[in-house]
Every structure is written in C-alpha cells, then in structure tokens.
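A.B. asks:
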Amino acid sequence: MEESPLSLLIERGPGEGKTFDATQLKRVTIGRTQANDYPIKDPTVSRKHAVIEWRVDHWALVDVGSSNGTFVNRKVLVNDHPVRLQNGDLIRIGESTKIRVQIGTEEEEEENKIEVDGEEQGISVEKWFQQERLRLVQAVHSRGHATILELNQSTEQLKRKFRERDDVH
C-alpha cells in the first residue's frame with residue numbers, strides 16, 4: 001500500500017502552531033535535540049523521545065525510552081511497543097507538548113473541499129477544522145491569560161483596601 005502523507009501540528013507547548021510535514025520520510029524522529037527530524041525545545045522531552053514510522057499500510061508511534069512518557073489520546077505508550085496512529089490522534093510527549101496527527105492523501109483532501117454558497121473555497125474540511133481548532137485554542141489561551149491578569153489586579157486592589165482599612169502596611 002502507498003504511504004499516506006503525515007503532518008504533525010503542535011497544538012500546545014513550545015513551537016505551538018508549528019506544522020511538520022513528513023512528505024518524503026518513512027521515519028520521523030522526535031526529541032529535544034536538533035539531531036531529530038522534529039526537534040522540540042521542551043526540557044521535559046527526552047533527547048530521543050519517540051519515532052513515527054511507516055509500517056506497510058499505516059503510521060505507527062513508538063516511545064524509544066523517554067523519561068516523561070508518550071501518550072496517544074491519553075493512553076500511555078509502553079516503551080518499544082508501536083501504536084497505530086489514526087487521523088486526528090493527539091500525541092502528548094513530555095509533560096505538556098501536544099501534537100495533532102493528520103494523515104491523508106491529496107485525493108482525500110480534494111474530495112473534502114468546503115463549498116460556500118455553491119463555490120469551492122480551496123480548503124479541505126480537515127484543514128479548516130485544523131485551522132479553526134488552532135484559532136480556538138489560541139483564543140482560549142489569550143482569554144485565560146487576560147482573566148488571570150484581571151484576577152491578579154483585583155486581588156491587589158482588595159489587599160490595598162484591607163491594609164488601608166486596618167492601617168496595616
């Protein structure tokens with residue numbers, strides 16, 4: 001069977017939003033150092049963390065002895081035991097880096113083109129969902145950060161009021 005194209009998108013962690021396309025590769029090494037095909041600058045990612053390989057008719061992920069583990073859809077991988085990857089799987093490596101798996105052919109993407117008002121938009125459903133998911137993740141992160149700042153400011157205001165009221169410094 002012909003190899004299906006593989007794309008990896010960092011949804012969370014260092015390099016968030018970065019996409020890696022393994023168009024000509026049958027093996028992708030993932031780890032903290034630049035010696036890997038897909039280096040991720042995260043101290044909780046091992047130097048040699050995991051490998052994704054094409055296996056006759058599917059992509060498989062293997063943890064290669066990482067310190068902080070590798071997960072697929074919240075299930076921990078056993079060291080050196082390959083797990084078959086599916087389109088849309090979420091890989092977590094280290095403590096917080098999350099990578100979305102996209103597997104598919106150009107023909108599949110062509111079949112899934114989005115139409116708006118009867119006019120083809122030139123973007124596949126998968127790509128649109130990927131972009132929309134990333135946009136939502138970024139919006140939630142931004143709003144969360146803003147909320148934390150607002151809470152910190154409110155806390156400081158309350159502290160000042162209580163200090164003034166109790167004449168404490």
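Here the sequence shown stands for residues 1 to 169, where the numbers follow the UniProt record's numbering. Built from N, CA and C at the ideal position, the CB exists for glycine as well.
Do Thr70 and Phe10 have their beta-carbon atoms positioned less than 9 Å apart in this structure?
C.D. replies: Per the sequence shown, the amino acid found at residue 10 is Ile instead of Phe. No.
A.B. asks: Here's a check: name, in chain order, each residue in its chain whose Cβ is nearer than 6 Å to the Cβ of Arg27, leaving out the five neighbours to either side.
C.D. replies: The answer, listed in chain order, is Glu53.
A.B. asks: Using beta-carbon positions only, say whether Arg92 and Ala60 come within less than 9 Å of one another.
C.D. replies: No, the pair does not count as a contact, with Cβ atoms beyond the cut-off.
A.B. asks: Sorted by chain position, which residues of the same chain lie with C-beta nearer than 8 Å to Asn87's C-beta, five sequence neighbours on each side aside?
C.D. replies: Cβ within range, chain order: Val101, Gln102, Ile103, Gly104, Glu126.
A.B. asks: Ala22 lies in the beta strand (DSSP E); which residues open and close that run?
C.D. replies: Here Ala22 belongs to no beta strand (DSSP E), and DSSP marks it neither H nor E.
A.B. asks: Counting only the same chain and skipping the five closest in sequence on each side, list residues whose C-beta sits under 6 Å from that of His49.
C.D. replies: Correct list, in chain order: Ile30, Gly31, Ser66, Ile93.
A.B. asks: Name, in chain order, the residues that DSSP records as bridge partners for Leu136.
C.D. replies: DSSP output for Leu136 lists no bridge partner at all.
A.B. asks: Rounding to the nearest angstrom, what Cα-Cα distance links Gly144 and Ile99 in this structure?
C.D. replies: Rounded to the nearest angstrom, the two C-alpha atoms are 21 Å apart.
A.B. asks: Taking all protein chains shown into account, decide if Glu120 is buried (16 or more other Cβ within 10 angstroms of its Cβ) or exposed.
C.D. replies: Because Glu120 sits at a pLDDT of 49, beneath the cut-off of 50, its placement in the model cannot be relied upon, and the point is left open.
A.B. asks: Ends of the beta strand (DSSP E) at His49?
C.D. replies: Run containing His49: none; DSSP gives neither H nor E here.
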